[in-house]
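Protein chains: 2
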Amino acid sequence: MVTTTGRAHVALRESILRGDLAPGAHLGEVELAERLGVSRTPVREALSRLAAEGLVEVLPHRGARVSSFSPDDLDGIFDVRLALEPRATARAALRATAEDLDALDDLARRMLEIGAPGPDQDLDAIVPLNRDFHARLLAVADAPALSAALANVVHTPIVLRTFHAYDPASLARSLAHHGEMVAALRAGDADWASAVMRSHIGNARAVMVRNR
Amino acid sequence: MVTTTGRAHVALRESILRGDLAPGAHLGEVELAERLGVSRTPVREALSRLAAEGLVEVLPHRGARVSSFSPDDLDGIFDVRLALEPRATARAALRATAEDLDALDDLARRMLEIGAPGPDQDLDAIVPLNRDFHARLLAVADAPALSAALANVVHTPIVLRTFHAYDPASLARSLAHHGEMVAALRAGDADWASAVMRSHIGNARAVMVRNR
DNA sequence: GCACCCTACGTTGCGTACAACGCTCCGGGA
DNA sequence: TCCCGGAGCGTTGTACGCAACGTAGGGTGC
Chain A
1 MVTTTGRAHV ALRESILRGD LAPGAHLGEV ELAERLGVSR TPVREALSRL
51 AAEGLVEVLP HRGARVSSFS PDDLDGIFDV RLALEPRATA RAALRATAED
101 LDALDDLARR MLEIGAPGPD QDLDAIVPLN RDFHARLLAV ADAPALSAAL
151 ANVVHTPIVL RTFHAYDPAS LARSLAHHGE MVAALRAGDA DWASAVMRSH
201 IGNARAVMVR NR
Chain B
1 MVTTTGRAHV ALRESILRGD LAPGAHLGEV ELAERLGVSR TPVREALSRL
51 AAEGLVEVLP HRGARVSSFS PDDLDGIFDV RLALEPRATA RAALRATAED
101 LDALDDLARR MLEIGAPGPD QDLDAIVPLN RDFHARLLAV ADAPALSAAL
151 ANVVHTPIVL RTFHAYDPAS LARSLAHHGE MVAALRAGDA DWASAVMRSH
201 IGNARAVMVR NR
């Protein structure tokens, strides 16, 4: 049986990631409990976990609210990504199995399809695919400490809702990077792979910074 | 007023850091609650937070236990430190105030004193000083995301109880590094500072790996 | 003799009630 | 008119009780 706390946790996280709960919004325990149909106890536990992930901040006796990030915060997050993700990608290049490569290839291809300019473009649908891609890459790297360090900082939400912010050229670059990364992994070239990841993050940072 | 949960949190963390609660030890909620003189509720909250920090692991319906780390885990942790701490040190070199430098200098000097071979050597007393030194360095770097990423992974505990594992030469090097780091910061030389930090971590890694 | 099931116990998960804290609004004084 | 103090309200923090899950032990059937 999956615990009620666990369900509350993922439900709240999804709400935040989706943007239903805006940054800075106050999170009343009773309100959330009623909305989820549970008591306050699992809600408190879930908020606790989300606080650990950095998605919400709790102030003693004053409740919780969705975290918001200043431009400086964002810049710092990109610094951490830049320090860790290329390293993970390099490791992944040495460890990826054929199955891993196919899965990543599939994700990259689908993102390219639905991200292409035209009537079928669906920027929102890219979000989960992109998340899966980076998550899978981390899993392949098989570096738990590194994944943990990233997970607690690189709150996908911020990155996630910004595909709308990409101009066409940046978006095309970003989607192309995924494909190139798979190629580098397939070649087992750690240097190439990590360089592509650095480009990928640099491109994203430019988009984020420009928009603030 | 500081909350009961907060006190339970720090009390348990200290117990783990001090080694009173050995890695792998099962943590019963009622037992902890009785020992701390509180109810199970704040204990559960505290365990939740400790789990987020990576100090304990909770298994649904099966309770919590103190995390233990395999040699591979340790290696991964050093990888993360190597990716992040030199970067933080470089930033610190550009931002340290005279006050910061004096504080760090003082810490480095005291560690050197009590770490010197002889009757006054006190390896246990180095631990908190070392923790303060690295914490202060992170604070000076003023990179919240970077600090958060490290905090959630580099559970000082592991590093902390290992000064006894240092052979004399490695210990001397480690203590000298602190002083050299201060010198590099004072010179405002980011490259130098980060290089010393890389050496510092490499030295520590060698000690840890050799002892396993 | 071995494997499986079933029962009983101890634990954790959740709900609810009460206590304590913080905020807001109102009133009094300077 | 502005500032300070206090009471009321809504919130969060903690305790406790019950229910559900996991585990270990003994018993039964093959």
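Here the protein sequences line up with chains A and B, keeping their order. Under the UniProt record's numbering, think of the first position of the first sequence as 1, with each following residue one higher. Under the UniProt record's numbering, think of the first position of the second sequence as 1, with each following residue one higher. C-beta atoms are modelled at their ideal positions from N, C-alpha and C, and glycine is treated no differently. These numbers were taken from a predicted model, which means no experiment stands behind them.
### Message
Using a 10 Å radius around the Cβ and a threshold of 16 neighbouring Cβ atoms, would you call B/R173 buried or exposed?
### Response
Residue mapping note: residue 173 of chain B aligns to position 173 of the second sequence, counting from 1. Label assigned to B/R173: buried.
### Query
Between the segment 145-154 of chain B and the segment 193-209 of chain B, are three or more C-beta pairs nearer than 8 angstroms?
The segment 145-154 of chain B, when compared against the segment 193-209 of chain B, does not touch it at the 8 angstroms Cβ threshold.
#### Entry: Simplified DSSP state of A/H26, which is helix, strand or coil
Indexing the first sequence from 1 puts residue 26 of chain A at position 26. Three-state DSSP puts A/H26 in a strand.
### Task
Name the two residues that bound the continuous beta strand (DSSP E) containing A/V66.
Within the first sequence, the letter at position 66 stands for residue 66 of chain A. Its beta strand (DSSP E) spans residues 63-66.
### Task
Pull up the CB-CB distance for B/L185 and B/A96, whole angstroms please, since I reckon it's below 8 angstroms.
By one-based count along the second sequence, residue 185 of chain B stands at place 185. By one-based count along the second sequence, residue 96 of chain B stands at place 96. That belief holds up - the Cβ atoms of B/L185 and B/A96 are roughly 5 angstroms apart, short of 8 angstroms.
#### Entry: Those runs of the beta strand (DSSP E) which lie wholly inside the segment 78-157 of chain A and span at least 3 residues
Every candidate beta strand (DSSP E) stretch fails here, since none sits fully inside the segment 78-157 of chain A while reaching 3 residues.
### Query
Does DSSP put B/V38 in a helix, a strand or coil?
The residue given as residue 38 of chain B occupies position 38 in the second sequence. Reduced to three states, the DSSP call for B/V38 is coil.
### Task
Inspect the CB distances between the segment 23-42 of chain A and the segment 74-87 of chain A and report whether three or more fall short of 8 angstroms.
no
### Message
I'd like to know if the segment 105-112 of chain B and the segment 44-63 of chain B are in contact, where contact means that at least 3 CB-CB pairs between them fall below 8 angstroms.
### Response
no
### Task
Could you pull the start and end residues of the beta strand (DSSP E) that B/V58 belongs to?
Within the second sequence, the letter at position 58 stands for residue 58 of chain B. From DSSP, the beta strand (DSSP E) with B/V58 extends over 56-59.
### Query
Where A/S68 and A/A25 are concerned, what is the direct C-alpha to C-alpha distance, given to the nearest angstrom?
Residue 68 of chain A sits at position 68 when you count from the first residue of the first sequence. Residue 25 of chain A sits at position 25 when you count from the first residue of the first sequence. It is roughly 9 angstroms from the alpha-carbon of A/S68 to the alpha-carbon of A/A25.
### Query
Between which two residues does the alpha helix (DSSP H) harbouring A/G179 extend?
Stepping through the first sequence from its first residue, residue 179 of chain A is reached at position 179. Its alpha helix (DSSP H) spans residues 168-186.
### Query
Using a beta-carbon distance below 8 angstroms, is B/S48 in contact with chain A?
Here residue 48 of chain B refers to the residue found at position 48 when the second sequence is read from its first residue. Closer than 8 angstroms: yes.
### Same chain, Cβ closer than 7 angstroms to A/S147, five either side skipped, listed in chain order
In the first sequence, residue 147 of chain A corresponds to position 147, counting from 1. Once the five neighbours on either side are set aside, the close Cβ partners of A/S147 are L138.
### Query
Closest by CA to A/S199, which one among A/E85, A/L101, A/L55?
Position 199 of the first sequence, counting from 1, holds the residue named residue 199 of chain A. For A/S199, the nearest C-alpha among the options comes from A/E85.
#### Entry: chain B contact residues for A/I77, given Cβ-Cβ distances below 8 angstroms
Position 77 of the first sequence, counted from the first residue, corresponds to residue 77 of chain A. The answer, in chain order, is A145.
### Proximity test, Cβ basis, 8 angstroms: A/P42 and chain B
Mapped onto the first sequence, residue 42 of chain A falls at position 42. No, A/P42 does not count as interfacial toward chain B.
### Query
For B/F78, which option in A/L55, A/A149, A/G54 has the closest C-alpha, if you only look at C-alpha atoms?
For the purposes of this step, residue 78 of chain B is taken as residue 78 along the second sequence, with counting starting at 1. For the residues A/L55, A/A149, A/G54, the minimum Cα distance to B/F78 belongs to A/A149.
### Message
For A/L27 and A/R65, what's the separation of their Cα atoms in angstroms?
### Response
Your numbering for residue 27 of chain A matches position 27 in the first sequence. Your numbering for residue 65 of chain A matches position 65 in the first sequence. A/L27 and A/R65: Cα-Cα distance of roughly 5 angstroms.
### Task
Taking the CB atoms as reference points, tell me whether A/A193 and A/M181 lie closer together than 8 angstroms.
For the purposes of this step, residue 193 of chain A is taken as residue 193 along the first sequence, with counting starting at 1. For the purposes of this step, residue 181 of chain A is taken as residue 181 along the first sequence, with counting starting at 1. Contact: yes.
### Query
Which residue comes first and which comes last in the alpha helix (DSSP H) that contains B/V196?
Residue numbering aside, residue 196 of chain B sits at position 196 when the second sequence is read from its first letter. First-last of the alpha helix (DSSP H) with B/V196: 190-210.
### Query
If the cut is a Cβ gap below 7 angstroms, which residues of chain B does residue 214 of chain A touch?
No answer is possible for residue 214 of chain A: it lies beyond the span of chain A, which begins at 1 and ends at 212.
### Query
Listed from N- to C-terminal order along the chain, which residues in the segment 62-88 of chain A have their beta-carbon within a distance smaller than 7 angstroms of any beta-carbon of chain B?
D73, G76, I77, D79, V80, A83, L84, R87
### Message
Going by beta-carbon coordinates alone, are B/F133 and B/L104 separated by less than 8 angstroms?
### Response
Stepping through the second sequence from its first residue, residue 133 of chain B is reached at position 133. Stepping through the second sequence from its first residue, residue 104 of chain B is reached at position 104. Yes; because the gap between Cβ atoms is below 8 angstroms, this pair is in contact.
#### Entry: DSSP state of A/V2 mapped onto helix, strand, coil
For the purposes of this step, residue 2 of chain A is taken as residue 2 along the first sequence, with counting starting at 1. A/V2: coil per DSSP, three-state reduction.
### Task
List the whole-angstrom C-beta distance separating A/L123 from A/L107, where the pair is believed to meet the contact cut-off of C-beta under 8 angstroms.
Along the first sequence, one-based indexing puts residue 123 of chain A at 123. Along the first sequence, one-based indexing puts residue 107 of chain A at 107. About 16 angstroms; that fails the 8 angstroms criterion.
### 7 angstroms Cβ cut-off: residues of chain A touching B/V153
As a first step, residue 153 of chain B is located in the second sequence; it is residue number 153 there, counting from the start. Within chain A, the residues A145, A148, A149 have their CB atoms less than 7 angstroms from the CB of B/V153, given in chain order.
### Query
Looking at C-alpha atoms only, which residue of A/I201, A/V56, A/T89 is the closest neighbour of A/A190?
Working through the first sequence from its first residue, we reach residue 190 of chain A at position 190. Nearest option by C-alpha distance: A/T89.
### Query
Using the beta-carbon of each residue, which ones in chain A are nearer than 7 angstroms to B/A52?
Taking the second sequence and counting its residues from 1, one reaches residue 52 of chain B at position 52. Neighbours of B/A52 on chain A, chain order: R49, A52.
### Query
Thinking C-beta only, is B/R13 closer than 8 angstroms to B/L50?
Counted from its first residue, the second sequence places residue 50 of chain B at position 50. Counted from its first residue, the second sequence places residue 13 of chain B at position 13. For B/L50 and B/R13, yes; Cβs fall inside 8 angstroms.
### Query
Closest to B/V10 by CA distance: which of B/D167, B/E53, B/D102 is it?
Reading the second sequence from its first residue, position 10 is the one you call residue 10 of chain B. Residue B/E53 is the option with its Cα nearest to B/V10.
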